[in-house]
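One structure is given below, encoded as structure tokens.
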Amino acid sequence: MESQGSVLVVGQSAVASRLETTLDAGTVETRETAAAALEYLEANTKKIDCVVTGHDPPESDCFQLLTPSLAVPVVVAVSSGSSALATNVNRQGAARYIDLSTLDDEIAVLASAIRKARSSRSAGARGSGSNTSSGSTAQLDANRDHVEEFVSIISHELRTPVQKANSGVDLIAADCDSKYIGDVKDTLERMEELLDELISIVKYGDTVDETSAIDLETIVSETWPNAPNASLAVESSLPTVEAEESRLRQVFENLFRNALEHGSGKTDVWVGVIDHDHGSVAADTTAIYVADNGPGVAPEEREQVFEYGFTGSEGGTGLGLAIVDKIVAAFGWDIVVTESREGGARFEVRDIQTA
1 MESQGSVLVV GQSAVASRLE TTLDAGTVET RETAAAALEY LEANTKKIDC VVTGHDPPES
61 DCFQLLTPSL AVPVVVAVSS GSSALATNVN RQGAARYIDL STLDDEIAVL ASAIRKARSS
121 RSAGARGSGS NTSSGSTAQL DANRDHVEEF VSIISHELRT PVQKANSGVD LIAADCDSKY
181 IGDVKDTLER MEELLDELIS IVKYGDTVDE TSAIDLETIV SETWPNAPNA SLAVESSLPT
241 VEAEESRLRQ VFENLFRNAL EHGSGKTDVW VGVIDHDHGS VAADTTAIYV ADNGPGVAPE
301 EREQVFEYGF TGSEGGTGLG LAIVDKIVAA FGWDIVVTES REGGARFEVR DIQTA
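In my numbering, the protein residues as written are 1 to 355.
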């Protein structure tokens with residue numbers, strides 16, 4: 001078993017003392033400034049296997065430590081962060097960015113980040129010069145951590161002001177009768193919807209790590225929103241498919257929302273399995289459709305409809321169907337849009353592997 005080196009904590013003496021009792025291996029060294037830390041590292045590179053730094057320039061400037069020449073993973077742990085700082089830190093190659101003010105058990109989270117950074121470094125060292133996947137796996141883990149942190153920042157720093165604005169508008173509405181209040185509320189709701197969809201784009205990557213057998217009938221039933229003046233008909237027995245449940249739910253939520261947003265009058269939606277005698281269904285796969293009686297998608301727009309930013313309705317985000325396409329592709333499936341029997345849109349999800 002490899003012995004653990006020391007952790008160097010920069011400009012965070014209180015954090016250092018708490019870490020020393022939490023980390024299961026190695027010792028904790030401290031330096032008050034980035035300059036002092038760099039001087040210490042130059043003489044003790046082999047002794048240190050992870051650096052933890054705050055960001056309180058000029059003395060404790062994390063960017064002085066985020067240099068390609070420093071062959072030690074750097075975890076940036078700040079007492080009060082921002083989305084701009086997080087973005088810049090991650091771009092400069094930090095092993096992890098942590099805003100301690102957003103966490104209930106910040107030391108446990110920091111200790112976990114240190115263990116992952118150490119693991120990533122040792123995996124990279126073992127993998128260098130050999131044909132193994134350990135370095136790639138460690139990099140994937142690090143990328144996943146960055147994504148989770150970014151999602152957390154979006155949720156905290158962008159959603160909170162929108163929620164506060166919503167509350168303020170409600171208070172104003174109690175004392176003021178103005179036609180503009182409704183417009184502001186609509187705008188804030190649209191912003192919240194955009195935030196949800198942006199988080200989905202960041203969260204749902206191009207690959208799926210784990211899948212399981214998912215009952216499609218249950219997913220369809222639970223994601224249908226039971227909207228007024230709308231009906232859902234499941235026209236055939238739906239299969240059990242191999243997928244990741246939360247992403248599969250997002251697919252149907254977005255397809256149903258798309259039908260409801262584009263419908264006028266009563267919206268009818270049909271879901272069913274495409275017969276194998278249909279030319280588009282391969283013998284060893286299944287395919288399903290989600291169709292509606294809305295205005296449909298013009299033939300010349302059927303490729304564009306899955307592009308980010310494309311929307312066929314006023315007030316649409318142009319993200320919902322792009323997210324569907326991204327998730328479907330991650331599953332290894334395919335999706336196309338055609339015309340339904342009522343002249344509306346018919347989305348066909350093909351190449352689905354059954355469980």
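No residue lacks a Cβ here, since even glycine has one placed at the ideal position from N, Cα and C.
Cα-Cα, which of the options is closest to residue i?
i    : options                : result
T27  : E261, V52, L232        : V52
W270 : T286, E261, D292, E253 : D292
R370 : A174, I107, D275       : With the chain represented from 1 up to 355, any question about residue 370 goes unanswered, as that position is not in the structure.
A14  : V7, R118, T30, V305    : T30
K266 : S101, G344, I219, R91  : G344
V273 : G309, E301, E348       : E348
I114 : L8, V281, N44          : L8
P57  : L38, A298, A117, T33   : T33
N44  : V337, V89, G5          : G5
F306 : L255, A282, E210       : L255
D325 : R341, E303, E339, S340 : E303
L359 : V72, A283, R190, Y289  : Here the chain comprises residues numbered 1 to 355, so residue 359 is not present and cannot be evaluated.
I288 : Q92, V337, A173, A94   : V337
S60  : A37, P68, T102, D277   : A37
Taking the beta strand (DSSP E) that residue i belongs to, which residues open and close that run?
i    : result
R18  : Segment 13-22 is the alpha helix (DSSP H) holding R18; no beta strand (DSSP E) there.
V234 : 230-234
F347 : 345-352
I48  : 48-53
V78  : 74-78
E217 : Looking at the DSSP string, E217 is not in any beta strand (DSSP E); the run it does join, the alpha helix (DSSP H), is 216-223.
D277 : Taken as a continuous stretch (DSSP letters only), D277 belongs to no beta strand (DSSP E), as it is neither H nor E.
A259 : It is not in any beta strand (DSSP E) - A259 instead sits in the alpha helix (DSSP H) that spans 245-262.
T338 : 334-339
With distances taken between CB atoms, is the gap from residue i to residue j smaller than 7 Å?
i    : j    : result
V74  : L66  : yes
G412 : Q12  : No statement about residue 412 is possible, as the shown extent of the chain runs from 1 to 355 and does not include it.
E192 : V162 : yes
A111 : L23  : yes
T354 : P239 : yes
R159 : L195 : yes
A77  : I48  : no
I352 : T311 : no
V169 : K185 : yes
R96  : C50  : no
T211 : E242 : yes
S83  : L100 : no
E339 : G296 : yes
Can you name the residues that DSSP bridges to residue i?
i    : result
W270 : A233, A291
Y97  : V76
L8   : E29, V51
D56  : S60
A213 : E242
T187 : BP columns for T187 are empty, so no partner.
T286 : I352
Which first and last residues belong to the alpha helix (DSSP H) in which residue i is found?
i    : result
D170 : 160-175
S83  : 83-91
V324 : 320-330
E39  : 34-44
For the ligand MN, is there a heavy atom less than 6 Å away from the beta-carbon of residue i?
i    : result
T218 : Of ligands this structure carries none, so the ligand MN is not represented either.
(request) Take every Cβ of the segment 225-233, pair it with every Cβ of the segment 321-337, and state whether three or more of those distances are shorter than 8 Å. (result) no
(request) Would you check if the segment 325-341 and the segment 245-260 touch, i.e. whether three or more CB-CB distances between them fall below 8 Å? (result) yes
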